[in-house]
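Top line first, the protein sequences correspond to chains A and B. Residue numbers in the first sequence follow the numbering used here, run continuously in steps of one, and reach 640 at the last position. Residue numbers in the second sequence follow the numbering used here, run continuously in steps of one, and reach 259 at the last position. Written out below as structure tokens is the structure these notes cover.
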Amino acid sequence: MSEEQINLEAERSRSLEEQFEARIVRDEKIEAKDWMPEKYRKTHIRQMSQHAHSEIVGMLPEGNWITRAPSLRRKVALLAKVQDEAGHGLYLYSACETLGISRDELYEQLHSGKAKYSSIFNYPTVTWADMGAVGWLVDGAAIINQVPLCNTSYGPYARAMVRVCKEESFHQRQGYEIMIKLTNGTPEQKEMAQDALNRWWWPSLMMLGPTDAESIHTEQSMKWKLKRKSNDDLRQQFIDQTVPQAELIGLTIPDPDLKWNEERGSYDFGEIDWEEFWQVVKGHGPCNKERMKARVGAWERGEWVRDAAMAHAEKQQERKEKQAV
Amino acid sequence: MKNDNLYKYILGIADNSLILGQRLGELCGHGPSLETDIACTNLSLDLLGQVRSYYQYAAKIAGDGRSEDDIAMLRKERDYLNVLLVEQPNTDFAYCMGRQFLFDVYHFMFLNELQKSTDFTLSAIAIKSIKEVSYHQRFSSDWIKRLGDGTEESHLKMQTAIDDLWTYTDELFHQTDADKAMVTEGIGVDITKLKSAYYQKVSDILEEATLKVPESKYFQKGGKQGIHTEHMGFLLAELQYMQRAYPNMEW
Numbered sequence: 316m317s318e319e320q321i322n323l324e325a326e327r328s329r330s331l332e333e334q335f336e337a338r339i340v341r342d343e344k345i346e347a348k349d350w351m352p353e354k355y356r357k358t359h360i361r362q363m364s365q366h367a368h369s370e371i372v373g374m375l376p377e378g379n380w381i382t383r384a385p386s387l388r389r390k391v392a393l394l395a396k397v398q399d400e401a402g403h404g405l406y407l408y409s410a411c412e413t414l415g416i417s418r419d420e421l422y423e424q425l426h427s428g429k430a431k432y433s434s435i436f437n438y439p440t441v442t443w444a445d446m447g448a449v450g451w452l453v454d455g456a457a458i459i460n461q462v463p464l465c466n467t468s469y470g471p472y473a474r475a476m477v478r479v480c481k482e483e484s485f486h487q488r489q490g491y492e493i494m495i496k497l498t499n500g501t502p503e504q505k506e507m508a509q510d511a512l513n514r515w516w517w518p519s520l521m522m523l524g525p526t527d528a529e530s531i532h533t534e535q536s537m538k539w540k541l542k543r544k545s546n547d548d549l550r551q552q553f554i555d556q557t558v559p560q561a562e563l564i565g566l567t568i569p570d571p572d573l574k575w576n577e578e579r580g581s582y583d584f585g586e587i588d589w590e591e592f593w594q595v596v597k598g599h600g601p602c603n604k605e606r607m608k609a610r611v612g613a614w615e616r617g618e619w620v621r622d623a624a625m626a627h628a629e630k631q632q633e634r635k636e637k638q639a640v
Numbered sequence: 009m010k011n012d013n014l015y016k017y018i019l020g021i022a023d024n025s026l027i028l029g030q031r032l033g034e035l036c037g038h039g040p041s042l043e044t045d046i047a048c049t050n051l052s053l054d055l056l057g058q059v060r061s062y063y064q065y066a067a068k069i070a071g072d073g074r075s076e077d078d079i080a081m082l083r084k085e086r087d088y089l090n091v092l093l094v095e096q097p098n099t100d101f102a103y104c105m106g107r108q109f110l111f112d113v114y115h116f117m118f119l120n121e122l123q124k125s126t127d128f129t130l131s132a133i134a135i136k137s138i139k140e141v142s143y144h145q146r147f148s149s150d151w152i153k154r155l156g157d158g159t160e161e162s163h164l165k166m167q168t169a170i171d172d173l174w175t176y177t178d179e180l181f182h183q184t185d186a187d188k189a190m191v192t193e194g195i196g197v198d199i200t201k202l203k204s205a206y207y208q209k210v211s212d213i214l215e216e217a218t219l220k221v222p223e224s225k226y227f228q229k230g231g232k233q234g235i236h237t238e239h240m241g242f243l244l245a246e247l248q249y250m251q252r253a254y255p256n257m258e259w
């Protein structure tokens with residue numbers, strides 16, 4: 316390529332990039348077949364797949380209680396919830412595939428540890444009340460993270476998020492309802508609810524990500540509308556929204572420093588144990604190994620099934636072609 | 009109990025769906041693909057939905073203050089009346105689909121007849137459920153064909169599962185005293201009349217799946233009398249855990 320051609324190419328790419336950024340500023344949706352900078356594609360694959368992985372790893376801690384749900388009504392509701400999560404995983408993987416990566420490759424990234432998923436799912440669900448706490452707090456925090464994404468710049472992601480958020484909001488209410496029932500119940504049930512809140516509160520705050528000072532992706536993501544508020548702002552919103560909900564049902568937030576700040580119109584809260592956060596992110600939480608073992612195990616045990624389905628489909632196709640001749 | 013036969017008859021139907029729904033619930037999140045996870049959860053949801061209607065009706069018949077959950081979760085193992093087939097473990101995906109298929113074909117034929125029951129509630133439940141079970145049957149039959157006529161490995165696994173589960177098929181057609189009484193009253197289905205059509209249908213699909221129809225004539229029974237396989241106690245330990253550990257509470 317001559318120097319002139321190189322310059323022309325660079326010029327062309329600059330102009331495409333300018334047009335692209337202008338579209339985002341105008342709030343236009345970017346679609347799969349549109350030109351996009353490589354970094355935009357990669358960042359979206361990273362974030363969307365991380366989200367998809369979180370959905371399917373997230374099936375495990377709740378799936379853990381399906382067989383032990385205390386009533387038929389709760390069992391059916393929990394099954395439906397975990398099924399919704401599988402559905403979210405499915406359409407988030409599909410949205411990701413529009414960016415030119417296969418689901419198998421995405422799984423490979425999850426299984427090898429290259430891709431991350433939400434750290435909250437590395438905590439164990441040890442009592443029935445955890446089904447309430449996870450729905451109320453974890454889905455509650457997820458909604459705060461995700462509602463702004465319904466307006467993100469990448470069309471397939473934004474559309475997937477509209478549906479995800481509707482279902483998450485239902486899950487959140489379902490979780491809170493489990494907690495209401497427990498706090499209206501026997502002292503033993505109330506204790507179970509408080510214990511679950513004690514264990515899930517801090518990890519839920521951590522779920523909204525590291526503090527702004529340490530968050531490496533924020534600025535670029537803000538520009539692309541992959542993120543519209545900073546982690547710290549989202550965390551504050553979550554706390555301000557959740558504290559009155561806890562008070563309403565007579566539960567105590569396990570934070571002695573939690574105090575209403577009249578001036579800010581928000582709650583001040585105690586220090587988060589970021590050491591714990593990074594420990595779990597780096598793979599050393601209570602269930603990181605089990606979660607990965609479960610996912611990799613399901614994938615490996617299912618290989619012969621997927622192979623059989625492919626082989627059968629090919630045979631059917633051959634038969635059809637033979638018949639046509 | 010005045011309606012003891014009807015009560016037992018309902019439990020016989022409902023327990024099959026409860027125990028199979030419970031088994032399917034164990035799979036959630038551990039299946040070979042996201043699509044099969046979603047589908048198996050659906051089967052479980054359908055079955056447990058049906059179960060609730062049956063137990064609510066049974067609770068009404070019993071009239072002793074017990075709820076659907078008391079009936080579902082607080083009986084002793086010997087009082088569960090499901091067939092042995094549905095309690096068999098999720099050994100691998102071939103066993104899961106084999107168990108599903110061998111039950112679905114029966115379940116569909118059974119509900120098809122139960123729709124004509126003179127008992128309005130049972131007939132209504134059957135009319136609603138058969139739409140779901142028609143899908144279950146299609147789903148599991150398709151998997152039998154895929155796995156049977158897929159790879160050499162899948163063929164072998166599917167054949168092994170069918171050979172092992174075959175021993176539990178005959179019990180589907182055993183009549184209990186409650187069954188006989190309900191047939192006489194026009195409420196129940198005469199399951200003995202479904203047997204040859206069942207084996208015909210199952211054989212047709214197995215053949216299409218390039219699988220051999222097992223020739224064994226040795227069958228197991230006992231579930232309908234409350235004598236279960238060793239797997240059942242563990243299944244119930246999980247199913248009943250909360251109700252046993254925290255009695256008399258609302259959830």
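Note that beta-carbon positions come from the ideal geometry of N, C-alpha and C, so glycine has one too. Predicted model only: the values in this text are computed from it and were never measured.
With burial defined as no fewer than 16 other Cβ atoms inside 10 Å of the residue's Cβ, what is the status of residue i: buried or exposed?
i              : result
I290 (chain B) : The question about residue 290 (chain B) has no answer, for chain B in this structure spans 9 to 259.
I213 (chain B) : buried
L155 (chain B) : buried
T44 (chain B)  : buried
I321 (chain A) : exposed
F366 (chain A) : The displayed chain sequence assigns His, not Phe, to residue 366 (chain A). So H366 (chain A) counts as buried.
N466 (chain A) : exposed
L26 (chain B)  : buried
Q632 (chain A) : exposed
Cα separation between residue i and residue j?
i              : j              : result
G455 (chain A) : R418 (chain A) : 28 Å
A626 (chain A) : G33 (chain B)  : 28 Å
K505 (chain A) : N379 (chain A) : 22 Å
M250 (chain B) : S386 (chain A) : 8 Å
E529 (chain A) : Q594 (chain A) : 15 Å
I531 (chain A) : R634 (chain A) : 54 Å
M257 (chain B) : D342 (chain A) : 52 Å
Q461 (chain A) : L523 (chain A) : 11 Å
S75 (chain B)  : Y62 (chain B)  : 12 Å
G230 (chain B) : N24 (chain B)  : 13 Å
I138 (chain B) : N120 (chain B) : 7 Å
G585 (chain A) : E591 (chain A) : 15 Å
A245 (chain B) : T237 (chain B) : 14 Å
T168 (chain B) : F118 (chain B) : 27 Å
A475 (chain A) : G404 (chain A) : 10 Å
F111 (chain B) : M81 (chain B)  : 22 Å
So which residues of chain B does residue i contact, with C-beta pairs closer than 8 Å?
i              : result
M374 (chain A) : C36, G37 and D45
K637 (chain A) : Result: empty, since nearest Cβ-Cβ is about 15 Å, beyond 8 Å.
S434 (chain A) : Under the 8 Å cutoff, chain B gives no residues; its nearest Cβ is about 18 Å from S434 (chain A).
L407 (chain A) : Those within 8 Å of L407 (chain A) in chain B number zero; the least Cβ separation is about 11 Å.
Are the C-beta atoms of residue i and some chain A residue less than 8 Å apart?
i              : result
F101 (chain B) : yes
P40 (chain B)  : yes
T49 (chain B)  : yes
R60 (chain B)  : yes
S52 (chain B)  : yes
S162 (chain B) : yes
D172 (chain B) : no
If distances are taken between C-alpha atoms only, which option among the options comes closest to residue i?
i              : options                           : result
T129 (chain B) : B:Y65, B:L28 and B:L56            : B:Y65
K16 (chain B)  : B:K165, B:D54, B:I79 and B:K229   : B:I79
I564 (chain A) : A:I495, A:W515, A:C411 and A:I435 : A:I495
N546 (chain A) : A:M507, A:E605, A:R361 and A:I459 : A:I459
L19 (chain B)  : B:R60, B:L89, B:M105 and B:I199   : B:L89
P40 (chain B)  : B:C104, B:E85 and B:K10           : B:C104
K225 (chain B) : B:D198, B:D172 and B:Q248         : B:D172
Within 8 Å (strictly less), CB to CB, does residue i reach chain B?
i              : result
W619 (chain A) : yes
P352 (chain A) : no
K630 (chain A) : yes
W443 (chain A) : yes
R389 (chain A) : yes
D454 (chain A) : no
K496 (chain A) : yes
Residues of chain A with CB under 7 Å from residue i, in chain order?
i              : result
Q30 (chain B)  : T382
D157 (chain B) : H627 and K630
What does residue i reach in chain B if we use C-beta pairs closer than 9 Å?
i              : result
E503 (chain A) : Y254 and M257
What residues from chain A crowd round residue i, counting only those whose CB sits closer than 8 Å?
i              : result
K153 (chain B) : H627
L56 (chain B)  : L387, K390, V391 and L394
G33 (chain B)  : I381, T382, K390 and L394
Identify the contact partners of residue i in chain B, using a Cβ-Cβ distance below 7 Å as the criterion.
i              : result
P385 (chain A) : M250, Q251 and W259
Which residues in chain E have a C-beta closer than 7 Å to the C-beta of residue i? List them in chain order.
i              : result
E246 (chain B) : Checking the listed chains, one finds no chain E in this structure; the protein chains it contains are A and B.
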